[in-house]
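When we follow this note's numbering, the leftmost residue of the sequence shown carries the number 208, and every step to the right adds one.
By construction, the Cβ of each residue, glycine as well, lies at the ideal position given by its N, Cα and C atoms.
This report refers to the structure that appears directly beneath it.
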Amino acid sequence: MPSEFALIRRHFTRPARHTDLAVGDDAALIRPAPGMQLAISTDMLVAGTHFFADTDPEGLGWKTLAVNVSDIAAMGAQPRWVVLAASLPGADEAWIEAFARGFFACCEAFGIDAIGGDTTRGPLNLCPTIFGEVPFGQAITRSGAHPGDDLWVSGAPGRAALGLAHLQGRARLAAASLDDCLSALHRPQPRVALGLALRGIASAMLDVSDGLLGDLDHILELSGVGAEIDHASLPLAALTAACGDAGRAFQACTAGGDDYELLFTAPPARRGELIALQDTLQLPLHRIGRLTADIRQVSLCHPDGRLERLTASGYDHFDRGA
């Protein structure tokens, strides 16, 4: 059976592109570019909580890094470096090789150096810490939104939730939509290019990991604002076609989570730039509402003009009902 260090050398050591000293010493040495701040995030994935224990390891390798890349994208930062701590039930080299293949495919896709980490025996638990760069003072935080700002979301949130529901037997998806929803669940695409393009445009931003409404509440709390969401503007048509249930589609879009799309706010004066941006990036951007002065209050505007008060709640790891 290969040793821990042999596994690291064989599967997790790659040439570094923008690192002074990477894998192999007691610590890595990195040097941010002049005028840059470091953006740092860590996001743990635990078997049985964030993924099925029998999940395809190559897809899991991609997702393990991608969900962390998404946090950097949500700050308008460029991902640069990652360290990976992993608890593994055993030294299953075929599994580790496939996992590493997916992990480094994500590294290559976003120009990230893997610069170290740690492994130990234990329950399957994967914990990357990612480092990015953003010009000083240009990070997009959750606290910059203002009443009157537009509320936008990228892509098609809800697909991952429908994919999970299908795997759990809670929904049966149309054959034409199944692969797309499962891909959204297993191989999320961090919106790095969008995050970079939104510097100087977005007033606040985060990624949708725990459900659109639950994550929106973080912006509302830190910015001291409320929101009014336009039901007709939510990207529900494809979700409804996929599952055949408008109510389930709405729930998936607003509370499903695991999408890693970007939810952001911007002044109405920037609408033209954002419409042009979606063509440039080939990524749909949906203006789904506006911010109000009613702190942490969320209302849904129905097509008939009726307003419905919503509860801004999402997935909570310590909520037994989640």
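My output table needs one value for residue i: the three-state DSSP class, helix, strand or coil.
i	result
residue 339	strand
residue 348	coil
residue 259	coil
residue 315	helix
residue 200	Because residue 200 is not part of the residues shown, which for the chain are 208 to 529, the question remains open.
residue 277	helix
residue 376	coil
residue 292	strand
residue 254	strand
residue 500	coil
residue 173	Given that the chain is displayed from residue 208 to residue 529, the structure contains no residue 173 and the question cannot be resolved.
residue 325	strand
residue 271	helix
residue 387	helix
residue 516	strand
residue 392	helix
residue 507	strand
residue 331	coil
Please work out which residues of its chain come closer than 8 Å, Cβ to Cβ, to residue i, disregarding the five sequence neighbours upstream and downstream, and give them in chain order.
i	result
residue 378	369, 372, 450, 452 and 455
residue 242	342 and 343
residue 488	400, 401 and 404
residue 238	227
residue 485	491 and 492
residue 468	360, 361, 362, 363, 364, 398, 414 and 415
residue 297	328
residue 526	Confidence in residue 526 is poor, its pLDDT being 47 and thus under 50, which makes the residue's placement unreliable; the coordinate value appears in the next sentence. Closer than 8 Å at Cβ, skipping near neighbours: no residue.
Cutting at 7 Å between CB atoms, please list the residues of its own chain near residue i, excluding the five before and the five after it.
i	result
residue 517	420, 505, 506 and 507
residue 225	287 and 320
residue 260	254 and 331
residue 295	326, 328 and 331
residue 406	283, 345 and 347
residue 428	503
residue 457	443
residue 281	402, 412, 413, 414 and 469
residue 380	369, 373, 388, 449 and 450
Residues in the same chain with beta-carbon distance under 6 Å from residue i, minus the five sequence neighbours each way, listed in chain order, please.
i	result
residue 325	292
residue 605	Coverage of the chain is limited to positions 208 through 529, which leaves residue 605 absent and any answer about it impossible.
residue 367	391, 392, 465 and 466
residue 365	446, 459, 460 and 463
residue 323	230, 235 and 290
residue 244	341 and 343
residue 510	439
residue 426	349, 352 and 411
residue 375	none
Going by the DSSP bridge assignment, what does residue i pair with across the sheet?
i	result
residue 286	339
residue 303	Answer is none; residue 303 lacks a bridge partner.
residue 265	Paired residues: none, contrary to the question.
residue 357	473 and 497
residue 246	339
residue 233	Paired residues: none, contrary to the question.
Is there a Cβ of chain B sitting closer than 9 Å to that of residue i, yes or no?
i	result
residue 388	You won't find chain B in this structure, because it holds only one protein chain.
For a test of your reading of the model: does the CB of residue i fall under 8 Å from any non-hydrogen atom of the ligand SAM? Yes or no.
i	result
residue 234	The ligand SAM is absent from the structure shown, which contains no ligand whatsoever.
Quick check: the stretch 433-449 against the stretch 313-327, are at least 3 beta-carbon pairs closer than 8 Å? no
Counting Cβ pairs closer than 8 Å, one from the stretch 350-358 and one from the stretch 495-502, do we hit at least three? yes
At 3 residues or longer, what runs of the beta strand (DSSP E) sit wholly inside the stretch 433-494? 433-437 and 469-473
Residue ranges of each beta strand (DSSP E) run of no fewer than 3 residues wholly in the stretch 401-432, ordered along the chain? 411-414
Does the stretch 386-399 come within contact of the stretch 267-278, defined as at least 3 CB pairs closer than 8 Å? yes
Tell me whether the stretch 261-270 and the stretch 302-310 touch, counting them as touching only if at least three CB pairs, one residue from each stretch, are closer than 8 Å. yes
Determine, using beta-carbon pairs with one atom in the stretch 330-339 and one in the stretch 245-254, whether at least three such pairs fall under 8 Å. yes
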